[in-house]
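Student: Below you'll find the structure I mean.
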Amino acid sequence: MHEFHIIVIAENSSSNGCPILGQTIHDPLPLAHIEASNKEVVQYDANQAITDWDLNNVHSRLQGRMKYNSGCLTVPEDGAYYVYAQVFFRTAGRVYIQKNQKQVFTMVQHPINVPQGPQYTGGVLHLKAGDVISLYTA
Numbered sequence: 362m363h364e365f366h367i368i369v370i371a372e373n374s375s376s377n378g379c380p381i382l383g384q385t386i387h388d389p390l391p392l393a394h395i396e397a398s399n400k401e402v403v404q405y406d407a408n409q410a411i412t413d414w415d416l417n418n419v420h421s422r423l424q425g426r427m428k429y430n431s432g433c434l435t436v437p438e439d440g441a442y443y444v445y446a447q448v449f450f451r452t453a454g455r456v457y458i459q460k461n462q463k464q465v466f467t468m469v470q471h472p473i474n475v476p477q478g479p480q481y482t483g484g485v486l487h488l489k490a491g492d493v494i495s496l497y498t499a
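See below:
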């Protein structure tokens with residue numbers, strides 16, 4: 362199982378980064394939450410984009426002009442975004458969250474300590490309009 366989530370956290374905020382009380386937001390903020398399309402075991406080769414996401418899943422959501430195509434999310438506007446992913450590993454492996462094809466976060470499943478299970482990583486990134494977020498195997 363893998364999930365891919367992107368949530369904006371700093372747009373339409375006061376100077377201290379907190380939401381403005383009573384603020385009306387007319388356009389939805391950019392947000393993506395995309396569930397895996399295949400909950401079974403999926404094998405990936407090294408340096409391969411993870412692309413089996415299901416936009417039609419009841420829990421998946423795109424809003425605020427966020428775009429998804431072939432494993433890539435394209436950010437519609439500049440801002441601070443909380444980017445995270447969760448992957449369930451059946452064997453040892455490594456998955457990267459990439460920004461514009463450059464590694465920004467890493468998930469590692471070690472074969473000795475825990476041979477299988479979920480791994481999670483994420484953090485806040487300043488993204489610009491047109492930046493692309495993707496997951497790749499190592």
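Count along the sequence shown from 1, add 361, and you get the number used in my numbering.
Note that beta-carbon positions come from the ideal geometry of N, C-alpha and C, so glycine has one too.
No experiment lies behind these values; they were computed from the predicted model shown.
1. Look at the alpha carbon of tyrosine 442 and the alpha carbon of isoleucine 473, and state the distance between them as a whole number of angstroms.
2. Going by DSSP, what residue range makes up the beta strand (DSSP E) through arginine 451?
3. Counting only the same chain and skipping the five closest in sequence on each side, list residues whose C-beta sits under 7 Å from that of arginine 451.
4. Smallest Cα separation from alanine 446: which of Ala393, Lys463, Asp492?
5. Buried or exposed for glycine 440, please, with buried defined as at least 16 other CB atoms from any protein chain shown within 10 angstroms of its CB.
6. Go ahead and pull the three-state DSSP assignment for tyrosine 405.
7. Just the C-alpha distance for histidine 471 and cysteine 433, rounded to the nearest angstrom, thanks.
8. With a threshold of 16 other CB atoms inside 10 Å of the CB of alanine 407, please say whether the residue is buried or exposed.
9. Output the boundary residues of the beta strand (DSSP E) element that contains methionine 468.
10. Closest to valine 465 by CA distance: which of Asn399, Val419, Val493 is it?
11. Count the other CB atoms, across all protein chains shown, that sit within 10 Å of the CB of serine 376; report buried if there are 16 or more and exposed otherwise.
12. Across which residues does DSSP place threonine 482 in a beta bridge pair?
13. Determine, using beta carbons only, whether valine 469 and threonine 498 come nearer to each other than 7 Å.
14. Any idea if serine 431 is buried or exposed, counting beta-carbon neighbours within 10 angstroms, 16 or more meaning buried?
Tutor: According to the structure data:
1. Stepping through the sequence shown from its first residue, residue 442 is reached at position 81. Stepping through the sequence shown from its first residue, residue 473 is reached at position 112. Rounded to whole angstroms, tyrosine 442 to isoleucine 473 spans 34 Å at the Cα level.
2. Taking the first residue of the sequence shown as 1, we reach residue 451 at position 90. Where arginine 451 is concerned, there is no enclosing beta strand (DSSP E), given that its DSSP letter is neither H nor E.
3. Walking along the sequence shown from the start, residue 451 turns up at place 90. So the list reads Val402, Gln477, once near-sequence residues are dropped.
4. As a position in the sequence shown, residue 446 is number 85, starting the count at 1. Ranking the options by Cα distance to alanine 446, first place goes to Ala393.
5. To locate residue 440, count along the sequence shown from 1; it is residue 79. Label assigned to glycine 440: buried.
6. Position 44 of the sequence shown, counted from the first residue, corresponds to residue 405. Correct three-state label for tyrosine 405: coil.
7. Taking the sequence shown and counting its residues from 1, one reaches residue 471 at position 110. Taking the sequence shown and counting its residues from 1, one reaches residue 433 at position 72. Approximately 26 Å, taken between the alpha carbons.
8. Along the sequence shown, read from residue 1 onward, the residue named residue 407 stands at position 46. By the neighbour-count rule (16 or more Cβ atoms within 10 Å), alanine 407 is not buried but exposed.
9. Mapped onto the sequence shown, residue 468 falls at position 107. Looking at the DSSP string, the run of the beta strand (DSSP E) that includes methionine 468 is 463-470.
10. Residue mapping note: residue 465 aligns to position 104 of the sequence shown, counting from 1. If we check each option's Cα against that of valine 465, Val493 comes out closest.
11. Here residue 376 corresponds to residue number 15 of the sequence shown, with the count starting at 1. Below a pLDDT of 50, predicted positions are generally treated as unreliable, and serine 376, at 46, falls in that range; the measurement from the model is reported next regardless. Classification of serine 376: exposed, given that the 10 Å Cβ count is below 16.
12. Along the sequence shown, read from residue 1 onward, the residue named residue 482 stands at position 121. In the DSSP output, where bridge partners are listed per residue, threonine 482 has Ala446.
13. To locate residue 469, count along the sequence shown from 1; it is residue 108. To locate residue 498, count along the sequence shown from 1; it is residue 137. Cβ atoms of valine 469 and threonine 498: not closer than 7 Å.
14. Residue mapping note: residue 431 aligns to position 70 of the sequence shown, counting from 1. Exposed: under 16 other Cβ atoms inside 10 Å.
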